[in-house]
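Q: Numbering-wise, the numbering used here comes out as the position in the sequence shown, counting from 1, plus 1491. For each residue, glycine too, the CB sits at the ideal point set by N, CA and C. Every value quoted in this text rests on a predicted model; they were computed, and no experiment measured them.
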Amino acid sequence: MSDSAPVPHETLIDAVIDEHTDELIDLRRDLHAHPELSWRELRTTALVSARVQRAGWRVTELSRTGLVADLGEQGPIVALRADLDALPVPDLTSDPWASTVEGVTHACGHDVHTTALVGAAIALGRVHQAGLLPGRVRLLFQPAEEVMPGGALSLMDLGALDDVERIFGLHCDPTLDVGSVGLREGPITGAADHLDVTLTGSGGHTSRPHLTEDLTYALAKVVTELPSILSRRLDPRSGVSVVWGLVRAGSAHNVIPATGRIGGTVRMLDAVAWSEAEKLVPLLVEEIVAPYGVHAQVDYQRGVPPVVNDVASIALLGRAVERVLGSAGHVPTQQSLGGEDFGWYLDRVPGAMGRLGTRTPGGPTYDLHQGNLRVDERAVAVGARVLAYAALED
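1. Do you know offhand how far Glu1514's Cα is from Ile1508's?
2. Find the nearest neighbour of Met1844 within the set Thr1851, His1604, Gln1544, Arg1545, judged by alpha-carbon distance.
3. Could you compute how far the alpha carbon of Asp1517 sits from the alpha carbon of Trp1588?
4. Are three or more beta carbon pairs between the region 1624–1633 and the region 1559–1571 nearer than 8 Å?
5. Alpha carbon to alpha carbon, what distance is there between Glu1767 and Gly1755?
6. Going by C-alpha distance, which of Val1757, Ile1679, Trp1530, His1696 is nearest Trp1735?
7. Taking Thr1691 as part of the beta strand (DSSP E), name the residues at either end of that continuous run.
8. Counting only beta-carbon atoms, is Ala1870 nearer than 8 Å to chain D?
9. Using the DSSP secondary-structure output, state which residues sit across from Thr1551 in a beta bridge.
10. For Val1799 versus Trp1835, is the C-beta spacing smaller than 8 Å?
11. According to DSSP, is Arg1627 part of a helix, a strand, or is it coil?
12. What is the rounded straight-line gap between the Cα of Arg1534 and the Cα of Gly1784?
13. State the beta-bridge partners of Ile1613 as determined by DSSP.
14. If we require 4 or more residues per run, which alpha helix (DSSP H) segments fall completely within the region 1697–1779?
15. Using the C-alpha atoms, what's the distance from Gly1641 back to Val1776?
16. Which runs of the alpha helix (DSSP H) at least 4 residues long sit entirely within the region 1521–1552? Give them in chain order.
17. Between Ala1879 and the ligand COA, is the CB less than 7 Å from at least one heavy atom?
18. Following the continuous beta strand (DSSP E) through Asp1668, name the residue where it begins and the one where it ends.
19. Going by C-alpha distance, which of Asp1885, Ala1875, Gln1792 is nearest Ala1506?
20. Pick from Glu1778, His1786, Leu1828: whose alpha carbon is nearest that of Pro1797?
21. Are Thr1536 and Leu1575 closer than 8 Å when you measure CB to CB?
22. The alpha helix (DSSP H) with Asp1838 in it runs from where to where?
23. Can you confirm whether the region 1839–1856 touches the region 1688–1697 when touching is taken to mean that 3 or more C-beta pairs between the two stretches lie within less than 8 Å?
24. Enumerate in chain order the residues of its own chain whose CB-to-CB distance from Glu1704 is below 7 Å, with the five nearest sequence positions on each side excluded.
25. By DSSP, does Asp1574 sit in helix, in strand, or in coil?
26. For the beta strand (DSSP E) that contains Ala1598, what are its first and last residues?
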């Protein structure tokens, strides 16, 4: 708990979240059992909308999925954000609340993010009713974080950041124990882009590669050489990483295929290198395949910039964490190459994202985007308190 005496609104927030913890856990399990993919979060949106409206918020549902909710009448706006979508990953757990949707699960903890923000909404609604809300708060329940370009840009286009002075968010971290939040000033995630390369040639027999274009060999050259060359053409301090997740070519041992495709991600730590990569990658692919006579079609999809935590905002979030968890709950964390479209918000307004510990102390360490992910559900109440406190920090 906090190392300092609570103020009236904090005492009220704690009491409300304690009162509603069982409800929040039930909601998290419901969302986990009924995950929805990006831009399809209809049921999730409806559940959240109904509960937030009951807490006294003015809700605006978006044209597709997701919602924005406002509280308070005047003063600066502080925004809090959670993401709604699940991943096309099968649930490998045997929990009673395991996913009921084949091949889809909340493998990134967005069910925890959403539920924590609902908890913060309930608590802040009570703070407003008590006349203790000093300004205005806006909630962004964002769809489609897991796809590029993602739902953040859509919300921004709809004016979700209009008049917002600061924004906060939390992301589950299964490498941190529950009861801790990882914080970092400056960049905390990496830039992430999608890369798809299709090669075409005439095809032929493997006994006569000299009479055709050896497309499979050329494809392999792109797979192995592009990461190496890019690391020499961009500042090595940018930490550029090209990793392939898809490689497809051919259907027989003795046939050189006429088409082949590879797909992967391009990630880096630095926004300057990110701005250069989009133009450089297609040129490098053309140079790599040129000796083999094949044609390359490069689809480079710019994804998300790094999340760069504002100095003042991370200080405010750190104060909220310490008031909820004490100084021991505020732990340092490193920048990762993971992508997060919260970075788009921070390109527009100051803000900060923290990493919410979800590991049971002494328990196994899971990884995000894996079907066996389990979270210690005590993280829901921790996240709700931290978000609610952060909204009221000044």
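A: According to the structure data:
1. 10 Å
2. His1604
3. 9 Å
4. With a cut-off of 8 Å, the region 1559–1571 and the region 1624–1633 count as touching, because enough Cβ pairs lie within range.
5. 18 Å
6. Val1757
7. 1682–1691
8. Within the model displayed, chain D is absent; a lone protein chain is all it includes.
9. Val1559
10. no
11. Here Arg1627 sits in strand by DSSP.
12. Cα-Cα distance, rounded: 51 Å.
13. Answer is none; Ile1613 lacks a bridge partner.
14. 1706–1724
15. 26 Å
16. The region 1521–1552 contains, as complete alpha helix (DSSP H) runs of 4+ residues, the segments 1533–1545 (chain order).
17. Judged by which ligands are present, the structure shown has none, so any question about the ligand COA falls away.
18. 1655–1668
19. Of the listed residues, the one whose Cα sits closest to Ala1506 is Ala1875.
20. Here the closest residue by C-alpha is Leu1828.
21. yes
22. 1833–1839
23. no
24. Gly1692, Ser1693, Tyr1783, Gly1784, Val1785
25. strand
26. Segment: none, Ala1598 is in no beta strand (DSSP E) and carries neither H nor E.
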